[in-house]
Structures are given as C-alpha cells and as structure tokens.
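First comes the structure, then the notes that go with it.
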Amino acid sequence: MKKITILESLPTEKETTGEVVFDTPLKAHKLGYAWEKKEISFPDFGIGKGELVQICGGNGTGKSTLLAILAGIRNPNQGNLNYQQVERRKLTYFVTQYQFIFTGSILENITCFEPVPDREKVKKLLQQVGLWPWVLEQEAGLATEISGKKGLSGGQKQRLCICRALYQAKALLLLDEPFSSIDDCNRQKLTSLFEQYCHQGGSIVFTSHQTKTSFSGVRQIDLESV
0 MKKITILESL
10 PTEKETTGEV
20 VFDTPLKAHK
30 LGYAWEKKEI
40 SFPDFGIGKG
50 ELVQICGGNG
60 TGKSTLLAIL
70 AGIRNPNQGN
80 LNYQQVERRK
90 LTYFVTQYQF
100 IFTGSILENI
110 TCFEPVPDRE
120 KVKKLLQQVG
130 LWPWVLEQEA
140 GLATEISGKK
150 GLSGGQKQRL
160 CICRALYQAK
170 ALLLLDEPFS
180 SIDDCNRQKL
190 TSLFEQYCHQ
200 GGSIVFTSHQ
210 TKTSFSGVRQ
220 IDLESV
C-alpha cells in the first residue's frame with residue numbers, strides 16, 4: 000500500500016469565531032482508499048483555521064481522491080474524518096477541476112441562484128479575479144446568460160467557479176487544480192486572493208502537480224513521497 004507523507008509539521012489548534020465555530024475544522028485519522036487494484040493510505044493530519052494547504056503529486060497519486068473524501072463525495076475504505084460534529088456541507092465548498100457552469104446569468108452562476116444576491120460582493124470578486132472588464136463588455140452585464148457551451152474559455156470558467164466558491168465563504172474551500180487553465184497574470188491575482196481569504200480566517204486546500212509554489216506560508220502534502 001502506497002504511503003503518503005506530510006512535508007511540514009501539523010498546525011496547532013486555534014480559537015475561532017464566526018458562523019461555524021471549531022477549534023480544528025478537519026482531522027483525518029488513518030484514511031485509506033481503494034479502487035480496482037489500487038490502494039492508497041493517507042497520514043493523520045489536521046487543517047486549522049486560516050491555513051493554506053497544497054496537495055501535490057503527479058497523475059494517479061490520489062490528489063482529487065483525497066479532496067473528494069474531505070468533501071464527503073467519496074467514502075474512505077478505512078479511517079475517519081472528524082469535523083467536530085459540524086455537517087460537512089455547512090463547513091466545506093468543493094470546486095472540481097471540471098469547471099461546471101450553470102445555464103443562467105453570470106450573477107446566478109456565482110450566487111447559485113440566491114434570491115437576494117449581494118451584487119457588490121459579486122462585483123468585487125469579479126474584479127479581484129480579473130473578470131470584471133469582461134463583464135462590462137457584455138451588453139447585459141451581470142445578467143448576461145452563459146452556459147458551459149457558450150464559448151467561455153477554460154480560464155474564464157475556472158475563475159467563475161472560484162468566484163462562486165469565494166462567494167459562499169465556507170470555512171474550508173477545497174479546490175482541485177485551480178490554476179490548470181490560468182495564465183501567470185491571473186494566477187498572481189488568485190494567489191493574493193487565496194492568501195487574503197486565509198488571512199481573514201478561512202482555510203483552503205488545493206491540489207497541484209507542482210511542488211513549487213508562489214504562496215507564502217503554504218503547507219504541502221506530497222502524495223509522491225514514500
């Protein structure tokens with residue numbers, strides 16, 4: 000069974016305040032997952048308030064699988080996760096690498112059809128990810144109808160999905176390959192935005208093929224270490 004190791008020490012527990020209260024939002028103990036003829040075991044780890052954690056490794060090392068387990072989409076074959084009795088759906092928001100776009104307006108895609116959306120918050124997020132100039136080019140602005148088949152680039156879809164996650168403002172964001180379709184300029188914008196989110200008390204776990212990172216204070220979990 001392949002062993003997965005942590006590159007840096009685990010965080011200490013921190014006091015938190017806010018809508019969802021926890022000392023450590025996530026604790027993983029002896030997690031393992033098996034499918035077909037492949038088995039992966041994960042180390043014990045915790046993710047605290049305000050942490051930025053990168054899961055790195057090549058294809059087939061279990062990055063997406065680990066995120067799916069943390070999000071509750073897949074169940075581990077062994078071990079357990081402790082969210083301190085807080086329902087996972089109230090605590091986490093998972094952005095897959097498939098960049099799903101609803102058939103609806105730009106505003107509806109970011110707010111998930113919220114009845115009374117916060118338009119100023121949406122505008123600020125779009126500015127921060129570099130999409131606001133594109134919105135201004137649309138005749139209907141935020142009311143512009145879009146879908147996954149309406150000519151959006153991979154980078155635009157990815158940034159819209161990230162805006163959606165940040166708008167939800169969950170305690171823990173799980174982002175699968177968030178930079179896969181992003182150019183260097185917009186990558187820097189997202190880097191700053193993620194660091195700001197964590198500085199404000201949120202936590203982010205993201206996957207990447209690369210171990211090199213431009214983030215300050217990121218903790219890495221390397222899935223290729225034995």
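Number 40 in numbering that gives the first Met the number 0 belongs to position 41 of the sequence shown; there are no gaps in the numbering. We put the beta carbon where it would ideally sit given N, CA and C, even for glycine.
What is the DSSP secondary structure of residue i, counted as helix, strand or coil?
i: C111; result: coil
i: V121; result: helix
i: K148; result: coil
i: V128; result: coil
i: T206; result: strand
i: L106; result: helix
Measure the C-alpha to C-alpha separation of residue i and residue j and round it to an integer number of angstroms.
i: V204; j: L171; result: 8 angstroms
i: E144; j: E138; result: 11 angstroms
i: K149; j: F112; result: 19 angstroms
i: Q157; j: Q167; result: 16 angstroms
If you follow the alpha helix (DSSP H) that residue i is in, where does it begin and where does it stop?
i: N185; result: 183-198
i: G154; result: 153-167
i: T64; result: 62-70
Ordered along the chain, which non-local residues of its own chain (more than five positions away) have a Cβ less than 8 angstroms from that of residue i?
i: K188; result: Q127, V128, G129
i: C162; result: I109, V121, L124, L125, V128, L130
i: D175; result: K62, S63, L66, F93, V94, T95, Q96, F205, T206
i: T212; result: Q53, Q219
Tell me which residue opens and which closes the beta strand (DSSP E) that residue i is part of.
i: E38; result: 37-40
i: G45; result: 44-46
i: L80; result: 77-81
Sorted by chain position, which residues of the same chain lie with C-beta nearer than 7 angstroms to residue i's C-beta, five sequence neighbours on each side aside?
i: T102; result: S146
To which residues of the same chain is residue i closer than 6 angstroms at the C-beta, ignoring the five residues directly before and after it?
i: N74; result: none
Would the beta-carbon of residue i be found less than 6 angstroms away from any heavy atom of the ligand HEM?
i: G147; result: As presented, the structure is devoid of all ligands, the ligand HEM included, so that no description of it is given.
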